[in-house]
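Chains as they are written, first to last, in this note's numbering: chain Z, -18 to 203; chain Y, 43 to 468.
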């Protein structure tokens, strides 16, 4: 059975960071996709979910972009990612995502705020009352899309894959107009902050759309 | 279209995917990407990808006969796509030298340059290049690609640091990979970012830049980069693929243009751009060249340049030395085209050289624009993501000394009217 989440905004920044850092985050069965030799891709995505089985909530997903799993005869994914840390604004959303999708979570509620000023949108994340990250991106041309992504998960019970279709209006560009500020906070402990290039090489903004998860696929058991 | 399944996606596979989607793929079989790529490519070809690799039936002069891969028809086109910046490859004396070398040596070198594949014409060409570049010695490589790969991996090792401009040519990146060194990219042409990266490096450091960058036609900020490198004890390699024989009072390249010939440690160039031939070279001290001769594996384990090519290149170098007016004509053509593009409101970005990107900045339109331009008589190549950033698609122009102003004026007219019709310019 498919699971749907409606969102008002989903904004992502994609940043170069050292492959050594990516490999420290990834489980051994996943390979980082490199932008250049030695430079992998860290992404931060902030969601403003308006509709779900657990009500509206905000979510931030910290990921490493990895090789997708390609199978002959099946739809080719646009890309794949390994979310190494997810945080939500409500406990219900967190419990739901851990139970259903085996996603690794920050175990406290966080603040996820969006502020839009014309073509620019900023997502601000706070945890324990302290700033964690601010992601700013801008828009380009808007087009309706339906894109397949793969999300790989791993916990103490096994390794999993979720096929996710993102539908909605999309703006994507590489104008290098965005910026991320990652604060020195335990939330960001997996990254060497000075090694993450603060300007995204790609900015992706989706709005007024639906994120649809296919049933989880178990790849390995623990 | 089963594998890509465009119906499920509700979109054209051509629009949804690009080359970058077919590079990575986990799974058990290395052939898993073939079918989805084939399905996408079959749709991409008639939508514009047919414009790549169209066979030429003539020499790459200013007019070429090109077989349209979509219609099969041969078109007579004004050529703005070939390198051949000085129009040398088809000069009678160059062709004659190659013919005579074919009579004398036959087709190929029949051996590695370090074993039996070095002919006297190779020795003569290396000496001529060293003399032209005012260096003690030079060493030849079978291609420009192998020059970067072979040179970088001959002098750098695991644990060393190689700092590359983010827009570096693939051969430079592959050389760094083969060297197994730590590879660090700095922002394009940005000495401040280079300095930030150098501050984090210890041990051997090599900074690699290009004289002219091939997608944007902009010139390396060499004075500032040299200063930064000196401050941090880094060696500098300049790849002058698109600038040797063109820039500087004697045509030695961008390093000479800035008066920094002696401040750059390693000088690399190719014969395929300005001379329209084939091959690459590195110039420097005799000690350096002896070392590269011993450890440049891409050369060591390749057959030497074909002797007719080497002979033609030797004739080409002599023409460059004896006819500085060719460079003057090229720069006059560049100035003419820059002025006319500016008058027409055509954006060529930061180009400061004979490589001019006509910026379309619209990935969805670049192929239809390129198609219309070819149908109107111009031979140009579209360049799109992932070769350049998303929405930075362009048509790449190579200006030659062989072009007449009348030809360039025709090109401006066709490009201007097509961009206007497509809504790219007002």
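We put the CB at the ideal spot given by N, CA and C, even for glycine. Remember, predicted model here, so these are calculated numbers, not experimental data.
Distance, residue j Cα to residue i Cα
i	j	result
residue 290 (chain Y)	residue 175 (chain Y)	11 Å
residue 38 (chain Z)	residue 28 (chain Z)	8 Å
residue 446 (chain Y)	residue 205 (chain Y)	40 Å
residue 44 (chain Y)	residue 90 (chain Y)	Here residue 44 (chain Y) scores only 45 on pLDDT, less than 50, and its place in the model is too uncertain to base an answer on.
residue 203 (chain Y)	residue 227 (chain Y)	11 Å
residue 221 (chain Y)	residue 320 (chain Y)	24 Å
residue 48 (chain Y)	residue 435 (chain Y)	Confidence at residue 48 (chain Y) is low in this model, with a pLDDT of 45, below 50, so its placement is unreliable and the value that follows should be read with caution. Straight-line Cα distance between these residues: approximately 24 Å.
residue 118 (chain Z)	residue 134 (chain Z)	27 Å
residue 201 (chain Z)	residue 140 (chain Z)	5 Å
residue 452 (chain Y)	residue 104 (chain Z)	50 Å
residue 428 (chain Y)	residue 16 (chain Z)	10 Å
residue 309 (chain Y)	residue 211 (chain Y)	15 Å
residue 364 (chain Y)	residue 136 (chain Y)	14 Å
residue 176 (chain Z)	residue 0 (chain Z)	10 Å
residue 383 (chain Y)	residue 390 (chain Y)	8 Å
residue 339 (chain Y)	residue 192 (chain Y)	6 Å
residue 185 (chain Z)	residue 70 (chain Y)	31 Å
residue 280 (chain Y)	residue 155 (chain Z)	27 Å
residue 52 (chain Y)	residue 78 (chain Y)	In this predicted model, residue 52 (chain Y) has a pLDDT of only 46, less than 50, meaning its place in the structure is not dependable enough to derive any value.
residue 405 (chain Y)	residue 426 (chain Y)	7 Å
residue 287 (chain Y)	residue 145 (chain Z)	53 Å
residue 53 (chain Z)	residue 231 (chain Y)	42 Å
residue 95 (chain Y)	residue 423 (chain Y)	10 Å
residue 369 (chain Y)	residue 100 (chain Z)	46 Å
residue 33 (chain Z)	residue 192 (chain Z)	10 Å
Closest Cα partner of residue i within the set the options
i	options	result
residue 306 (chain Y)	Y:341, Y:346, Y:339 and Y:262	Y:262
residue 313 (chain Y)	Y:118, Y:399, Y:185 and Y:153	Y:185
residue 235 (chain Y)	Z:110, Z:144, Z:14 and Z:180	Z:180
residue 169 (chain Z)	Z:49, Z:50, Z:115 and Z:10	Z:115
residue 56 (chain Z)	Y:82, Y:102, Y:400 and Y:285	Y:82
residue 346 (chain Y)	Y:141, Y:108 and Y:150	Y:150
residue 90 (chain Z)	Z:67, Z:163, Z:101 and Z:54	Z:67
residue 325 (chain Y)	Y:335, Y:429, Y:142 and Y:402	Y:335
residue 107 (chain Y)	Y:444, Y:118 and Y:114	Y:118
residue 85 (chain Z)	Z:54, Z:97 and Z:40	Z:40
residue 194 (chain Z)	Z:24, Z:127, Z:186 and Z:2	Z:127
residue 151 (chain Z)	Z:33, Z:189, Z:112 and Z:166	Z:189
residue 69 (chain Z)	Z:88, Z:-14 and Z:80	Z:88
residue 374 (chain Y)	Y:102, Y:311, Y:441 and Y:317	Y:441
residue 230 (chain Z)	Z:62, Z:-5 and Z:-16	Outside the shown range of chain Z, which is -18 to 203, sits residue 230 (chain Z), and nothing can be said about it.
residue -10 (chain Z)	Z:31, Z:82 and Z:-3	Z:31
residue 84 (chain Y)	Y:128, Y:60 and Y:98	Y:60
residue 357 (chain Y)	Y:376, Y:130 and Y:395	Y:130
residue 178 (chain Y)	Y:332, Y:352 and Y:399	Y:332
Enclosing beta strand (DSSP E) for residue i [first to last residue]
i	result
residue 135 (chain Z)	124 to 136
residue 203 (chain Y)	203 to 207
residue 108 (chain Y)	105 to 109
residue 154 (chain Z)	139 to 154
residue 183 (chain Y)	179 to 183
Limits of the unbroken alpha helix (DSSP H) element including residue i
i	result
residue 340 (chain Y)	339 to 342
residue 44 (chain Z)	Taken as a continuous stretch (DSSP letters only), residue 44 (chain Z) belongs to no alpha helix (DSSP H), being part of the beta strand (DSSP E) at 38 to 47.
residue 366 (chain Y)	366 to 386
residue 79 (chain Y)	76 to 86
residue 220 (chain Y)	212 to 221
residue 146 (chain Y)	134 to 147
residue 238 (chain Y)	233 to 240
residue 189 (chain Y)	186 to 197
For residue i, the residue or residues it bridges with in DSSP
i	result
residue -10 (chain Z)	Z:29 and Z:188
residue 438 (chain Y)	Y:399 and Y:423
residue 116 (chain Y)	Y:109
residue 105 (chain Z)	Z:94 and Z:115
residue -16 (chain Z)	Z:194
residue 20 (chain Z)	Z:-1 and Z:17
Listed by chain order, chain C residues near residue i by CB distance under 9 Å
i	result
residue 215 (chain Y)	The question asks about chain C, but that chain is absent: this structure's protein chains are Z and Y.
Requested in this report: Using a Cβ-Cβ cut-off of less than 8 Å, list which residues of the stretch 353 to 368 of chain Y approach chain Z; keep chain order.
Outcome: none
Query raised in the report: What are the residues of the stretch 39 to 58 of chain Z that lie near chain Y, defined by any Cβ-Cβ distance shorter than 7 Å?
Result: 48, 49, 50, 51, 52, 53, 54, 56 and 57
**Report entry** Near-chain Y residues of the stretch 142 to 168 of chain Z (beta-carbon distance less than 7 Å), N- to C-terminal order
**Finding:** 153, 154 and 155
Requested in this report: Could you run through the stretch 201 to 226 of chain Y and flag, in chain order, every residue whose CB is less than 9 Å away from some CB of chain Z?
Outcome: 206, 208, 210, 215, 216, 218, 219, 224, 225 and 226
Report task. Select from the stretch -10 to 16 of chain Z all residues with a C-beta closer than 8 Å to any C-beta belonging to chain Y, and list them in chain order. Result -> -3, 11, 12 and 14
Requested in this report: Return the residues of the stretch 95 to 115 of chain Y that lie within a Cβ-Cβ distance of less than 8 Å from chain Z, sorted by chain order.
Outcome: none
Requested in this report: Anything in the stretch 109 to 125 of chain Z with a Cβ closer than 7 Å to a Cβ of chain Y? List those residues in chain order, please.
Outcome: 121
Query raised in the report: Listed from N- to C-terminal order along the chain, which residues in the stretch 415 to 433 of chain Y have their beta-carbon within a distance smaller than 7 Å of any beta-carbon of chain Z?
Result: 431, 432 and 433
**Report entry** Contact set between the stretch 64 to 92 of chain Y and chain Z, restricted to residues whose Cβ is under 7 Å from the partner
**Finding:** 66, 67, 68, 69, 74, 75, 77 and 78
Requested in this report: Return the residues of the stretch 244 to 260 of chain Y that lie within a Cβ-Cβ distance of less than 7 Å from chain Z, sorted by chain order.
Outcome: none
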